[in-house]
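Participant: So that we are looking at the same thing, I have put the structure below in C-alpha cells.
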Amino acid sequence: MSFEKNILCIGAGYVGGPTMAMIAHKCPQYRVTVVDIDPERIAQWNSDDLPIYEPGLVEIVKAARGRNLFFSTEVEEGIKESEIIFVSVNTPTKTFGAGAGMAADLQYWDKTARQIRKHSESNKIIVEKSTLPVKTAQAMERILTSADNGIRFDVLSNPEFLAEGTAIKDLEDPDRVLIGSTQTREGLKARDVLVEIYSNWIRAERIITSNIWSSELSKLVANAFLAQRISSINSISALCEKADADVEEVARAVGMDSRVGSRFLSASVGFGGSCFKKDILNLVYLCRYYDLKEVADYWEGVVKINDYQKERFILNMLNIMFNTLANKRICLFGFAFKADTGDTRESPAIFVAKRLIEEKAKVVITDPKALKNAMKDLRDVAGEISYVEDPYEASAGCSAIAVMTEWKIYGDLDYKKIYRSMAKPAFIFDGRNILDHEKLFKIGFNVFPIGKPGLTHF
Ligand code: UDX
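The numbering of the sequence shown is full-length UniProt numbering, which starts it at 1 and goes up by one.
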C-alpha cells in the first residue's frame with residue numbers, strides 16, 4: 001500500500017511515542033515511523049507492555065501498529081524514507097560547563113541534526129518537538145544547510161503542550177496547536193504542510209501560527225506560568241498554616257474570579273515532572289544571557305518556592321513527630337510526580353525520600369505504577385528503603401504516611417484497617433490534600449494537610 005506522506009519521529013519518549021500514535025490513529029493515509037537508538041525501548045513499543053503508561057495509549061498503539069505505525073531502531077533508513085521528520089529527543093538540563101544546572105544540554109539535538117544531514121537524499125521538513133531554548137531551530141537549520149548538498153531543509157517549531165497522564169485526551173482535543181515557521185515563502189509552505197496534518201482532526205481556529213522564536217518561547221512561558229501558579233498557591237499555603245486559614249478556601253475564592261481561573265491552584269508538596277523546573281531554568285538562563293537580571297530573578301523565584309515547599313514538608317514532619325524521625329518507619333503513598341503516570345522525573349517524592357533517609361528514617365514506598373522508576377531514582381541512596389506494591393502491607397508498622405501523589409486509590413482505602421496496623425501515635429501528612437481529614441482524625445490519626453491547620457489528638 002502506498003501512503004500519502006511518510007512521517008518520521010526521532011525519539012520514542014513521552015512526547016514522541018504518544019504524539020505519533022495519535023497522528024497514525026487519526027490519519028491512516030500517512031505512514032508514521034518512530035525511531036530511537038535504544039533497542040530496549042523500541043522492543044517495548046512493539047510489545048503489549050509499552051515503555052510508558054498513559055490511559056488510552058495502548059489501545060490506539062495496538063490498533064495502528066503494523067498498519068501505519070511502526071517502531072524501529074533503523075534511524076538512517078527512517079531518515080532516507082521520510083519527507084517530514086519530527087525531532088523529539090531529550091534535552092535535559094546541562095550538568096557540565098557553561099550554564100551547568102540551568103541551560104539545556106543540546107548534544108542529542110546537535111547529533112540528530114548531523115545525522116539527518118548525513119542520511120538525507122531528498123528535501124525535508126524538520127519539526128522541532130522537544131522543548132528547547134529560543135533560537136535552537138535556527139541553529140538546527142544552520143547545521144542542516146551547512147552540507148551544501150542541494151537538499152532543502154525547512155525547520156518548524158511545533159511545541160507539544162500535552163500533560164502526562166492525560167496525553168491522549170490532550171492530543172485528541174488540544175487547547176491549541178502552535179506552529180512556528182520562518183516567514184519566507186518556503187517557510188510558510190512547510191508550515192502549511194504541518195497545518196494540513198493536524199487539520200485531519202483539529203479545528204482550524206485551534207491551529208495557530210507564529211514566527212519561529214515566538215513559538216519556541218511560548219512553550220517555556222506556558223510552563224513558567226503554570227508552575228508560577230503552583231508556587232504562588234504553595235507560598236500562600238505556608239501563610240495559611242501559620243494564620244489558621246485554609247488554603248483550599250482561599251484558592252476557591254481567588255479562582256472564582258474569572259480573570260484568574262480555578263485550575264492549577266491546588267497546593268501540594270511541590271510540583272515535579274520533567275518540564276517545569278527545566279523550562280523555567282532555561283528561561284532564567286535566557287534572561288541572564290540577555291542581561292535581564294530582574295526578570296531572571298523573578299522567574300527563578302518560582303523554582304525557589306518549590307524547593308522551599310518540599311523542605312518545609314520535611315521540617316513539618318520532623319517538628320510534629322517530636323523532632324526525631326530516626327528509626328521510624330515512614331510510608332510514602334505514591335512516588336510518581338502526579339497521578340496516572342509511572343513517571344517520577346523531578347518528583348517531590350525523590351527529595352522527600354532522600355531527606356527522610358538523611359534523618360535516618362526507614363522509608364517504605366508504595367505506588368501503583370512508579371515502583372520500578374522509584375528503585376532507579378534511589379538506587380544510590382544508602383539507607384533502609386523498601387518497595388511494596390500493596391498500600392496496606394506498605395503502611396503496616398509505620399509511624400506515618402506521607403501522601404506524595406494524588407492517586408485516586410488512596411482516597412478509597414480502608415483507613416480503619418490501616419490505622420490498626422500502624423505504630424502509635426499514627427500520623428498522616430497529606431501532601432496533596434486528597435484525603436478526608438476529618439474522617440481520618442476521628443479514626444485516631446493525627447492529620448496534617450498542606451495549608452490548613454493540623455488535626456491532632458495531643
Ligand atoms: C506540564 C504542562 O502542563 C504541559 O503543558 C507541558 O507540555 C509539560 O509540562 P506535566 O509535567 O505532564 O505537564 O504535568 P502537570 O499536570 O502540568 O503537573 C506538573 C506538576 O505540578 C505535577 O507534579 C503536579 O502534581 C503539580 N501540580 C499541578 C500541583 O502541585 N498543583 C496543581 O494545582 C497542579
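The beta carbon of each residue, even a glycine, is placed where N, CA and C say it ideally should be.
1) Tell me the start and end of each unbroken alpha helix (DSSP H) in the stretch 152 to 239 that is at least 4 residues and wholly inside, in chain order.
2) Going by DSSP, what residue range makes up the alpha helix (DSSP H) through N446?
3) Between L156 and E128, which are expected to be in contact by the criterion C-beta below 8 Å, what is the C-beta distance as a whole number of angstroms?
4) Counting only the same chain and skipping the five closest in sequence on each side, list residues whose C-beta sits under 7 Å from that of A113.
5) Would the beta-carbon of C275 be found less than 7 Å away from any heavy atom of the ligand UDX?
6) Let me check one thing: in DSSP terms, what residues is I7 bridge-paired to?
7) Which one of K424, F276, T93 has the shortest CA to CA distance from N306?
8) Can you tell me whether R252 is buried or exposed, with buried defined as 16 or more other CB within 10 angstroms of its CB?
9) Does any heavy atom of the ligand UDX sit closer than 7 Å to the C-beta of I230?
10) Roughly how many angstroms separate the alpha carbons of residue 478 and G255, rounded to a whole number?
11) Within the chosen definition, does the stretch 43 to 55 reach the stretch 7 to 18 through at least 3 CB pairs nearer than 8 Å?
12) Out of D380, A374, Y410, point me to the one whose CA is closest to P391's CA.
13) Report the partner residues of D430 according to the DSSP bridge assignment.
14) So, with DSSP's three-state summary, where would you put E121?
15) Identify whether T456 lies in helix, strand or coil by the three-state DSSP scheme.
16) What does DSSP give as the partner residues of L69 in its beta bridges?
17) With distances taken Cα to Cα, identify the nearest neighbour of I428 among V284, G342, I330.
18) Taking 7 Å as the cut-off, is the CB of A163 close to at least one heavy atom of the ligand UDX?
19) Run through the stretch 126 to 154 for me and flag every whole alpha helix (DSSP H) of 4 or more residues, listed as ranges in chain order.
20) Secondary structure at I52, three-state DSSP: helix, strand or coil?
21) Classify V250 as helix, strand or coil using the three-state DSSP reduction.
22) If the criterion is Cβ atoms closer than 8 Å, does the pair R271 and A224 meet it?
23) Give, in chain order, every unbroken run of the beta strand (DSSP E) that is at least 3 residues long and sits entirely within the stretch 303 to 358.
24) Going by the DSSP bridge assignment, what does A104 pair with across the sheet?
25) E83 to I126, Cα distance in whole Å?
26) Following a CB-centred definition, is E249 positioned closer than 7 Å to any heavy atom of the ligand COA?
27) Please indicate yes or no: does the CB of F429 lie closer than 7 Å to some heavy atom of the ligand UDX?
28) So what does DSSP say about K293, is it helix, strand or coil?
29) For the ligand UDX, any of its heavy atoms closer than 7 Å to the Cβ of N223?
30) Report yes if the C-beta distance between A423 and G397 is below 8 Å; otherwise report no.
31) Going by the beta-carbon positions, is the gap between A163 and D173 smaller than 8 Å?
32) Short of 7 Å in beta carbon distance, which residues of its chain neighbour T182, apart from the five on each side in sequence? Order them along the chain.
33) Where does Y14 sit, in a helix, a strand or coil, going by DSSP?
34) Do you know offhand how far N46's Cα is from A63's?
Facilitator: Short version:
1) The stretch 152 to 239 contains, as complete alpha helix (DSSP H) runs of 4+ residues, the segments 167 to 172, 185 to 198 (chain order).
2) Going by DSSP, N446 is part of no alpha helix (DSSP H) but of the beta strand (DSSP E) stretching over 446 to 449.
3) Contact flag correct, Cβ pair sits at about 7 Å.
4) M140, I143, L144, listed in sequence order.
5) Yes, the ligand UDX has a heavy atom inside 7 Å of this Cβ.
6) Its beta-bridge partners are V32, I84.
7) The shortest C-alpha separation from N306 is found at F276.
8) Label assigned to R252: exposed.
9) In this structure, I230 has its CB closer than 7 Å to one or more heavy atoms of the ligand UDX.
10) A query on residue 478 cannot be resolved here, the shown segment of the chain reaching from 1 to 458 and no further.
11) A contact exists between the stretch 43 to 55 and the stretch 7 to 18.
12) Selected option, being the one with the closest Cα: Y410.
13) The partner list for D430 (beta bridge, DSSP) reads V403, P449.
14) If DSSP states are grouped into helix, strand and coil, E121 belongs with coil.
15) Here T456 sits in coil by DSSP.
16) Its beta-bridge partners are V32, R65.
17) With distances taken between Cα atoms, I428 lies closest to I330.
18) Shortest gap from the CB of A163 to any heavy atom of the ligand UDX: under 7 Å.
19) Runs of the alpha helix (DSSP H) inside the stretch 126 to 154: 136 to 145.
20) I52 falls in the coil class under three-state DSSP.
21) DSSP places V250 in helix when its eight states are reduced to three.
22) Here residue 271 turns out to be Phe, not Arg, going by the sequence shown. It is not a contact, given that the beta carbons lie outside the stated cut-off.
23) You should have 329 to 333.
24) T93.
25) So the alpha carbons of these two residues sit roughly 9 Å apart.
26) Among the ligands modelled here, namely the ligand UDX, the ligand COA does not occur.
27) Taking non-hydrogen atoms of the ligand UDX into account, the C-beta of F429 is found less than 7 Å away from none of them.
28) Correct three-state label for K293: helix.
29) When distances are taken from the beta-carbon of N223 to the heavy atoms of the ligand UDX, the shortest one is below 7 Å.
30) Yes; because the gap between Cβ atoms is below 8 Å, this pair is in contact.
31) Not in contact: A163 and D173 (Cβ atoms no closer than 8 Å).
32) Excluding sequence neighbours, T182 sits near I212.
33) Taken through DSSP and simplified to helix, strand or coil, Y14 comes out as coil.
34) N46 and A63: Cα-Cα distance of roughly 12 Å.
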